[in-house]
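Residue numbers (our numbering), protein chains in the order written: chain A, 617 to 822; chain B, 617 to 822.
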């Protein structure tokens, strides 16, 4: 039996852009996506539950899992580890279900190395979009201030290049709708669909 | 002033798959897509209006437009010409609006040559999808009958390769939702979005 594999979707973006808020709103909707819960050594914040918001681990536990190759990406921020357990992602994709990760930019780059066939979505702040629109739509009318701000935004613009899609977080509802559309349309991609048909034709020849 | 260009979406598929029905249902929804009306020399059918369903032309008028290079694609079926006028498509894209074409397979291939940056969607009948699923999901259980039918479907499967997306017309509502998702997600594609940001950065450097 040849089972079609699920697709790995990764939502990332600059710190403070609202990745967590978009992810929460997405999972409040009806979705077939499976959310891969991150692992961390930081203390639970008020209202956070182990196994729902994060898997909370001690540093020793976390480092042991890293040494066993059980994380597909991890990083240290403010003296705490954050990472993505491998088993859940791999098993869920093998079962033909889509997995959704919401992680920091460095983590996303690590995941891209291990899952190049994943779909990477970069969330940008509306301020970056507005900045661009002011320059693109007004052309020569740009002021020095805009130029300086765009220059400062250059790092975020460079980060985009590693992603498949860019979604502006101008409004949670819009951003969620765009992510949902990306999920639907990725399943319609000819490169994916044709592979399934060609597989069927090959079986047909056996 | 640098204006962002619109995207050309082309819906095509084997004859009888229901392209026209999906297109009509799509335009009954709220959409920013502009429909490019085809031109034909066939007689209007009952209920069809010139300038809404088709631009109805005589053979002489049609051939004159062809010789003037005014059609981006055209073909003859059952002694009648069908084609897509160029001016409307080009002007609308230049204004930054998306254009939607619903045309036959041969026409779609002609459009691809002239608009390689267009987005091409192939609509397939549910029978083809069911056939594939029966083979892919059951593996060795396939019967000779299924094999023969898949063999016969090989032409349609080969046609897919020229398209960017494949949508199953199992249900009008589903098919329309998928086409809408493709439109939204194409606007989020990094390759398109990053180009706009890089354009802004270049202007910034002037």
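Think of the CB as a built atom: it goes at the ideal place given N, C-alpha and C, for glycine as much as any other residue.
If you're wondering where the values come from, they're calculated on a predicted model, not measured in any experiment.
{"Query": "Would you kindly work out how many angstroms separate the C-alpha atoms of residue 794 of chain B and residue 772 of chain A, rounded to a whole number?", "Result": "31 Å"}
{"Query": "Restricting to Cα atoms, I'd like to know which of A:760, A:730, A:789 and A:719 is closest to residue 693 of chain A.", "Result": "A:719"}
{"Query": "As a quick exercise: from B:621, B:681, B:627 and B:623, pick the residue whose alpha carbon is nearest that of residue 740 of chain B.", "Result": "B:627"}
{"Query": "Using a Cβ-Cβ cutoff of 8 Å, what residues of the segment 765-789 of chain B are near chain A? List them in chain order.", "Result": "766, 767, 770, 773, 776, 777, 779, 780, 781, 782 and 783"}
{"Query": "Verify the CB distance criterion: does residue 631 of chain A have a CB-CB separation below 8 Å to chain B?", "Result": "no"}
{"Query": "Where does residue 617 of chain B sit, in a helix, a strand or coil, going by DSSP?", "Result": "Legend: pLDDT at residue 617 of chain B = 46, less than 50; position of this residue unreliable, value from coordinates given subsequently. Three-state result, residue 617 of chain B: coil."}
{"Query": "Please state the DSSP three-state secondary structure of residue 649 of chain A.", "Result": "coil"}
{"Query": "Step through the CB atoms of chain B and report whether any lies within less than 8 Å of the CB of residue 719 of chain A.", "Result": "no"}
{"Query": "How would you call residue 683 of chain A, buried or exposed, if buried means at least 16 neighbouring beta carbons within 10 angstroms?", "Result": "exposed"}
{"Query": "Return no unless some Cβ of chain A is closer than 8 Å to the Cβ of residue 793 of chain B.", "Result": "yes"}
{"Query": "Could you tell me the alpha carbon to alpha carbon distance between residue 808 of chain B and residue 696 of chain B, rounded to whole angstroms?", "Result": "38 Å"}
{"Query": "Can a CB atom of chain A be found closer than 8 Å to the CB of residue 706 of chain B?", "Result": "no"}
{"Query": "Relative to chain B, which residues along the segment 800-822 of chain A have a C-beta separation below 9 Å, given in chain order?", "Result": "800, 801, 802, 803, 804, 805, 806, 807, 808, 809, 810, 812, 813, 814, 815, 816, 817, 819, 820, 821 and 822"}
{"Query": "For residue 664 of chain A, count the other beta carbons within 10 Å of its own beta carbon; 16 or more makes it buried, fewer makes it exposed. Which is it?", "Result": "exposed"}
{"Query": "If we count the other Cβ atoms within 10 Å of its Cβ and call it buried at 16 or more, is residue 689 of chain B buried or exposed?", "Result": "buried"}
{"Query": "Let me know if residue 767 of chain B comes out buried or exposed under the rule of 16 or more other beta-carbons within 10 Å of its beta-carbon.", "Result": "exposed"}
{"Query": "Looking at chain A, which residues of the segment 724-741 of chain B have a Cβ within less than 9 Å of any of its Cβ atoms?", "Result": "736, 737, 738 and 740"}
{"Query": "Under 8 Å between the Cβ atoms of residue 651 of chain A and residue 716 of chain A?", "Result": "yes"}
{"Query": "Note the first and the last residue of the continuous beta strand (DSSP E) segment covering residue 699 of chain B.", "Result": "696-701"}
{"Query": "Between the Cα of residue 648 of chain B and those of B:785, B:703 and B:708, spot the shortest distance and give me the residue it belongs to.", "Result": "B:708"}
{"Query": "Which bits of chain E does residue 797 of chain A rub up against, with CB to CB less than 7 Å?", "Result": "Considering every chain present, this structure includes no chain E. Its protein chains are A and B."}
{"Query": "Starting from residue 638 of chain B, follow the alpha helix (DSSP H) in both directions and report where the run begins and ends.", "Result": "635-644"}
{"Query": "Quick one: is residue 659 of chain B buried, meaning 16 or more other Cβ sit within 10 Å of its Cβ, or exposed?", "Result": "exposed"}
{"Query": "Check whether the Cβ of residue 623 of chain B lies closer than 8 Å to any Cβ atom in chain A.", "Result": "no"}
{"Query": "Skipping 5 residues on each side, what residues in its chain have a beta carbon closer than 8 Å to that of residue 668 of chain B?", "Result": "653"}
{"Query": "Is the CB of residue 748 of chain A under 8 Å away from at least one CB in chain B?", "Result": "yes"}
{"Query": "Do you know how far the Cα of residue 685 of chain A is from the Cα of residue 791 of chain B?", "Result": "42 Å"}
{"Query": "Use the C-beta contact count for residue 712 of chain A: other C-beta atoms within 10 angstroms, 16 or more gives buried, fewer gives exposed.", "Result": "exposed"}
{"Query": "In or out: residue 617 of chain B buried (at least 16 other Cβ within 10 Å) or exposed?", "Result": "A caution first: residue 617 of chain B carries a pLDDT of 46, below 50, which makes its placement in the model unreliable, though a value can still be read off. The residue in question, residue 617 of chain B, is exposed, as its Cβ has fewer than 16 Cβ neighbours within 10 Å."}
{"Query": "Count the other CB atoms, across all protein chains shown, that sit within 10 Å of the CB of residue 639 of chain A; report buried if there are 16 or more and exposed otherwise.", "Result": "buried"}
{"Query": "Whose CA, out of B:762, B:777 and B:657, lies closest to the CA of residue 674 of chain B?", "Result": "B:657"}
{"Query": "Inspect the beta-carbon positions of residue 784 of chain B and residue 714 of chain B and report whether they are closer than 8 Å.", "Result": "no"}
{"Query": "Count the other CB atoms within 10 Å of the CB of residue 700 of chain B; is the residue buried (16 or more) or exposed (fewer)?", "Result": "buried"}
{"Query": "Rounded to whole angstroms, what is the Cα-Cα separation between residue 622 of chain B and residue 745 of chain A?", "Result": "18 Å"}
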